[in-house]
Amino acid sequence: MQVAILDHHFSDQEILVNKIFEHCLCPIKKNNVFISQYNDNKKFIESLYHGDDYQIVYLEVSSIDSNTFEAMKELLPYCTIILITANEDYIPFNNFEVLLKPYDSQRIIDTLVFFSFL
Numbered sequence: 001m002q003v004a005i006l007d008h009h010f011s012d013q014e015i016l017v018n019k020i021f022e023h024c025l026c027p028i029k030k031n032n033v034f035i036s037q038y039n040d041n042k043k044f045i046e047s048l049y050h051g052d053d054y055q056i057v058y059l060e061v062s063s064i065d066s067n068t069f070e071a072m073k074e075l076l077p078y079c080t081i082i083l084i085t086a087n088e089d090y091i092p093f094n095n096f097e098v099l100l101k102p103y104d105s106q107r108i109i110d111t112l113v114f115f116s117f118l
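Residue 1 is where the sequence shown starts when you use the numbering used here, and the numbers rise one by one after that.
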């Protein structure tokens, strides 16, 4: 499974990566999870046009723009999008999953359960 994290804060990305791997308890499953990290929208979009195929993309709400969404809609039509925010009142459009900062382990499990690799 390929996972992308787009967040302008690398320290937050590192925390999320560690928490994702905390819940991939089986070594076989851990070896099958590949996480790409981006702090720049342009580099993320370039990776999509170069053929990177992600099953889950974590997008920090202050790091995204309409171009990023358009590229994802075109190139990753079946990808699960999880919006990351520190705002508890944030209401996403189109029923995206929401993951709150600071990260809660149960919410991370909930976002990963789509692909049942826990």
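All C-beta atoms in this analysis are idealised placements derived from N, C-alpha and C, irrespective of residue type, glycine included.
Under 6 Å Cβ to Cβ from residue i, same chain only, skipping five residues before and after it: list those, please.
{"i": "L48", "result": "A71 and L75"}
{"i": "T85", "result": "V61"}
Between residue i and the rest of its own chain, which residues show a CB-CB distance below 7 Å, the 5 nearest in sequence each way excluded?
{"i": "K19", "result": "Y103, S105 and I108"}
In angstroms with no decimal places, state the Cα-to-Cα distance between residue i and residue j.
{"i": "H9", "j": "D89", "result": "21 Å"}
{"i": "Q2", "j": "N32", "result": "8 Å"}
{"i": "L118", "j": "F96", "result": "Confidence at L118 is low in this model, with a pLDDT of 45, below 50, so the placement of that residue should be treated as unreliable; the coordinate-derived value is given next. Between L118 and F96, the C-alpha separation is close to 21 Å."}
{"i": "L6", "j": "E22", "result": "20 Å"}
{"i": "K73", "j": "L100", "result": "23 Å"}
{"i": "N87", "j": "D12", "result": "15 Å"}
Report all residues from its chain with a CB closer than 8 Å to the CB of residue i; omit the five preceding and five following residues, and keep chain order.
{"i": "A4", "result": "I35, S36, Q37, Y38, F44, S47, D52, Y54, I56, V57 and Y58"}
For residue i, which beta-bridge partners are listed by DSSP?
{"i": "Q2", "result": "F34"}
{"i": "E60", "result": "I84"}
{"i": "V98", "result": "L83"}
Under 8 Å, do residue i and residue j count as touching if we go by C-beta distance?
{"i": "S63", "j": "N41", "result": "yes"}
{"i": "L112", "j": "V98", "result": "no"}
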